[in-house]
Structures are given as C-alpha cells and as structure tokens.
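Undergrad:
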Amino acid sequence: MTTTPSAPSGSGAPSVDSVIRSMSIKGFVMPALLAPAVLADEAAVRQVLDGMIAEGLVAPKGPMFQLTEAGKARGAALADQDREHWGVDNATRALDLFLDFDHRMKEVVTAWQLRTVGGQQVMNDHTDAAYDAAVLADFARLHADAAAWLAPIPAALPRIADYAARLAHAADRVAAGEHTYIASPRLDSYHSIWFELHEDLIRLAGRTREEEVAAGRA
-19 MTTTPSAPSG SGAPSVDSVI RSMSIKGFVM PALLAPAVLA DEAAVRQVLD GMIAEGLVAP
41 KGPMFQLTEA GKARGAALAD QDREHWGVDN ATRALDLFLD FDHRMKEVVT AWQLRTVGGQ
101 QVMNDHTDAA YDAAVLADFA RLHADAAAWL APIPAALPRI ADYAARLAHA ADRVAAGEHT
161 YIASPRLDSY HSIWFELHED LIRLAGRTRE EEVAAGRA
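Using my numbering, count along the sequence shown one by one with no gaps and you end on 198.
#1: Leaving aside the five residues before and after Glu176 along the sequence, list all residues of the same chain whose C-beta is less than 6 Å from its C-beta, in chain order.
#2: Rounded to whole angstroms, how far is the Cβ of Val(-1) from the Cβ of Met44, which I believe are closer than 8 Å?
#3: Can you grab the Cα-Cα spacing for the pair Ala128 / Leu77, in whole Å?
#4: What three-state label does DSSP hand Val154 in the structure shown?
#5: What are the boundary residues of the beta strand (DSSP E) that Gly45 is part of?
#6: Just reading off the beta strand (DSSP E) that Leu77 is part of, what are its end residues?
#7: Along the chain, where does the beta strand (DSSP E) that runs through Ala39 open and close?
#8: Scan the stretch 157 to 193 and note each continuous alpha helix (DSSP H) run of 4 residues or more that stays entirely inside, going in chain order.
#9: Could you say if the stretch 182 to 190 and the stretch 64 to 83 meet the contact criterion of at least three C-beta pairs nearer than 8 Å?
#10: Look at the Cβ atom of Pro213, then the Cβ atom of Val38, and state whether they are nearer than 8 Å.
#11: On the three-state DSSP scale, how would you describe Val18?
#12: Using the three-state DSSP reduction, which class does Met103 fall into: helix, strand or coil?
#13: Buried or exposed, going by whether 16 or more other CB atoms sit within 10 Å of the CB of Leu94?
Listed below in structure tokens is the structure:
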C-alpha cells in the first residue's frame, strides 16, 4: 500500500464518522483521494474502509468505494446533528459570505485555464509568465481572504478546521510552484477542496445545490 504524498495528516486512523462525512460529499472515491480529505494516510484509510465494509456502511466498486444505503443514512444523521449544533442561521450566514469568495474562485480558475489572445479565449498554455504571475497573485489574495473568513468557524463547528488545513496545504503547494494544485481533479487541489466546502455549507444551511443553482447562487 502507498501513502498519499505530502498530504496534510493528523494522528492515527480517521474516525468512521469523518470518513462517512467526506464520502457523503465526494460520492464515489478512491482511497488515495479520501486520505487527504480526512487528514490521514492511505494505509490508515484502507483499514477503516475494510471495517466499514464489514459493518455494511461502504461497498467497493472496482478501485473505488461508495456509501451503502446504511452509510448514507448515517451520513444524513451526522449532517442533521451538525446542522442542529451549529444552527441553520449560522450556516446560512457563512454560506452567504462564502459566495463572494466563490465568485472570485471561479474567476481565478477560469483565468488559469483560459486567457484572451486576439480577442478570443484560448487554452492557457502558460507561456506568458506575466499573465500567470498575475493570476497566481489573485489566487494568493483570495486564499488569504478566505482563510481569514474561515478561521473563526471551527470554534462553533470544529470539523471545519479540516477544510482550513487542506486549503492551506494546497495553497502552499501552489506557492511552491506545483500549480496543478490549483484545480486538478486528480489531487486534493484547492478547487476540489473548495467545491467540497461549498457543498458542505449548502447542506448545513438546509439547502441543496440544485436550489442554489436555480437561485443563481452556485
């Protein structure tokens, strides 16, 4: 078994509840991408998944895993507990504030992937160093602002600190020149973590992504 390289990690094996919460957001997932989401290494995650399979909470699908109906029911119960603990009004306020950052995030990701040449949008081939530097500066400012907004929330809902740790790790990798950590779906990239945080906030506010999309908020 291999470990996820340079992922932020906690101590020991992740809890079953943390794995269920993450899988409730991710859906189908491979252990290598589940590991950084629960701040653990892949070997520890696989051990927990094995136990969850025995309990009927998780089912393998080829190299991937998904929650069973029993696992989904436990995930829904955990979400209800979190919602009651934090309060729908608090979650809604956090979600409303998040949306301003979300608009900026979409602009940064789009700018990193595309640029305008001769009045036409083309794939960014990253040959324009000045352009890329400007986008990276926007990304760094976004991360600083989002981190400051996120910092007080774990006092009310401690598990949100995991998102802060993951976002900080991805931002550090980007700052170190590993620019795939901006938006690659094959990594615990900033954009991947951001999407999961957004989905979590939507659910904590008692809403659905479909409702948010229909309202022009997602």
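Glycine included, each C-beta is placed from N, C-alpha and C at the ideal position.
TA: Taking the structure as given:
#1: Ile5
#2: Taking a contact as a CB-CB distance under 8 Å, the pair Val(-1) and Met44 does not count as one, their CB atoms being some 14 Å apart.
#3: Looking at the two C-alpha atoms, the distance is approximately 12 Å.
#4: helix
#5: Here the sequence assigns Phe to residue 45, which means Gly is not the residue at that position. Note, Phe45: beta strand (DSSP E), Met44 to Leu47.
#6: Here Leu77 belongs to no beta strand (DSSP E); instead the alpha helix (DSSP H) covers Val68 to Gln93.
#7: Val38 to Lys41
#8: 170 to 184
#9: Flag = yes, the stretch 182 to 190 and the stretch 64 to 83 touch.
#10: Since the displayed the chain opens at -19 and closes at 198, residue 213 lies outside it and no answer follows.
#11: coil
#12: strand
#13: exposed
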